[in-house]
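All remarks here apply to the structure that follows.
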Amino acid sequence: MFALVDCNNFYASCEEVFNPSLSQFPLIILSNNDGCIIARSKKAKELGIPMGGPAYMYKDRVERGEIRMLSSNFTLYADMSQRVMQTLESYAPRMEIYSIDEAFFELEELSEEELRNEACRMREKVKKWTGIPVSIGIGPTKTIAKMANELAKKRSELGGVSILISKTAIRAQLEVTEPEEIWGIGHALAERLKANRIYTAAQLIDCDDSFIKKLLGVVGYRTVLELRAVPCFSCSQPIEKRKSIICSRSFKKPITNSSDLENVIATFVSRAAEKLRSQQSRAKFISIVIAPSPFIQPYEGRSCHIDLPNPTAYTPELIRLAKEGLKRIYRPQFAYKKAGVLLGDFCDGSVEQMDWITPPTDTPKKRNLMRTIDRINRRYDKTAVQFAAEGLDNHLRSSQTQVSPRFTTSWKDLLTVS
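All the letters of the sequence shown, read from the start, carry residue numbers -11 to 406 under my numbering.
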């Protein structure tokens, strides 16, 4: 059996743990720079407040006291996620953390009653130890467990636990599940299925195998097998490495000089290179993009692509090349509102392709230096050790006017009990 544990309205729930009064109102969480809505509490969803909605449209309702609005506190959310996952680890040795608020794990093949009792104990333990409410879906495959989890969240009478293991129960749910609701079937594939008169998951699994492979490909066919209760995805599969890494941001205030823009680009390169090394890869090219505000005419977004002499994950070399690329595309007459860096065409970082002409960039000494810096930044703070090229002024600081304290990771933000 596979189980999927999903934290309910996770960002909002994290805020409510430390400020229970927030649960009395619809709560929305804003993105970096307080621009748009990225999370909503259950009450906010019931009001019809959409995901991605612009924050300014709801400021009047906040001022009237109808809803509550907070800036995102990703430090708090990440720590609370870790606490939830550590609590779940005691139930299953084979667990796959799927996202910040979801985890798959494997269970023994027990009776439905025993599975329900185990899931209820799990929910109670997570709630008691972390304060976060969760929903649990259980099925013979990960895809069916995902479907069961959605059912647990929608139907309150299930008590947060939904189990789909009998053929009758699975078939009944497939009959009312539309293609776009199937885990792994995106909007484009759903439209393709509907164009072929396939409107439910039940109709999909009844199709001929050769037709499914032709329509959905091998990965789509595996999803169909999962819907037929044939496991194709385990919880021990290695995480697929990224094929490209992008780091970009819109600025609170436009940048009007090249030195400040160089600092920003260097910071983006540093962050992207750290992610590159974390998956033990090297990049073969780097691209730099800069753009002014799209509301200023004439608009001129520019980019520069640089093929690297040797694949590398060495931050100083990537920063040097990025600054060279920036000089090619920078225009002093523009005030730049957005910039970004893209690393791509990765190769295995453990393999060295020798070149008789160009000396290797990633020497053992340089790799050890990068490994040490990454270890320090992971332990203390992501900016504990920075490169001089990143500058001292933080042009990337988000405008978060309503952020809550970091209750679990900062001594000065600890709750005071009197």
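No residue lacks a Cβ here, since even glycine has one placed at the ideal position from N, Cα and C. In this text, all values refer to a predicted model and were calculated from it rather than measured experimentally.
The C-alpha of serine 11 is placed about 46 Å away from the C-alpha of alanine 271.
DSSP lists Leu(-8) and Glu84 as the bridge partner or partners of phenylalanine 92.
Ranking Val149, Arg143 and Tyr86 by CA distance to the CA of glutamate 112 puts Val149 first.
Within the segment 121 to 185, the complete beta strand (DSSP E) segments of 3 residues or longer fall at 122 to 127 and 149 to 151, listed in chain order. Per DSSP, the beta-bridge partners of aspartate 336 are Ser269. By the 16-neighbour rule on beta-carbons within 10 angstroms, proline 128 is buried. Separation of alanine -9 and isoleucine 151 (C-alpha to C-alpha, rounded to the nearest whole angstrom) is 9 Å.
Minimum Cα-Cα distance from arginine 56 among the listed residues Asn7, Ala66 and Asp248 corresponds to Asn7.
Here glutamate 378 is actually not in contact with asparagine 184; their C-beta atoms are around 52 Å apart, not less than 8 Å. The segment 359 to 371 and the segment 276 to 296 do not touch, with fewer than three beta-carbon pairs separated by less than 8 Å. Residue state for threonine 396 is assigned as coil, using DSSP reduced to three classes. Per DSSP, the unbroken alpha helix (DSSP H) holding asparagine 105 starts and ends at 100 to 118.
Counting only the Cα atoms, lysine 229 lies some 24 Å from glutamine 74. In the DSSP annotation of this structure, the continuous segment of the beta strand (DSSP E) that includes phenylalanine 239 starts and ends at 232 to 243.
The Cβ-Cβ distance between valine 257 and isoleucine 307 falls below 7 Å. For alanine 43, the three-state secondary structure derived from DSSP is helix.
The C-alpha of serine 99 is placed about 50 Å away from the C-alpha of arginine 237.
According to the DSSP secondary-structure assignment, leucine 18 is paired through a beta bridge with Ile25 and Ser59.
With at least 16 other beta carbons inside 10 angstroms of its own, phenylalanine 334 counts as buried. Judged by beta-carbon spacing, methionine 39 lies beyond the 7 Å limit of isoleucine 126, meaning their Cβ atoms are not closer than that value. Under the three-state reduction of DSSP output, aspartate 248 falls in the helix class. Comparing C-alpha distances from lysine 354 to each of Thr371, Leu331 and Thr300 shows the shortest one belongs to Thr300. Using a C-beta cut-off of 8 Å, the segment 76 to 93 makes no contact with the segment 17 to 29, since fewer than three inter-stretch Cβ pairs fall below that distance.
Per DSSP, reduced to three states, the secondary structure at threonine 75 is helical.
Between the C-alpha atoms of leucine 95 and alanine 80 there is a straight-line separation of about 7 Å.
Secondary structure of cysteine 2 (DSSP, three-state): helix. Remark: C-beta atoms of glutamine 390 and leucine 58 approach each other more closely than 7 Å. Looking from the CA of glutamate 4, the closest CA among Thr404, Phe395, Glu305 and Val405 belongs to Phe395. Counting along the chain, no beta strand (DSSP E) covers asparagine 356; the unbroken alpha helix (DSSP H) around it starts and ends at 352 to 367. Contact annotation: the segment 169 to 185 touches the segment 131 to 146, with at least three C-beta pairs closer than 8 Å. Under the three-state reduction of DSSP output, alanine 279 falls in the strand class. Rounded to the nearest angstrom, the gap between the Cα atoms of leucine 215 and asparagine -3 is 26 Å. Rounded to the nearest whole angstrom, the CA to CA distance from aspartate 401 to tyrosine 65 is 15 Å.
Annotation for isoleucine 294: the continuous beta strand (DSSP E) segment containing it runs 290 to 300. Collapsing the DSSP output to three states places glycine 328 in a strand. With fewer than 16 other Cβ atoms from the protein chains shown falling within 10 Å of its own Cβ, glutamine 321 counts as exposed.
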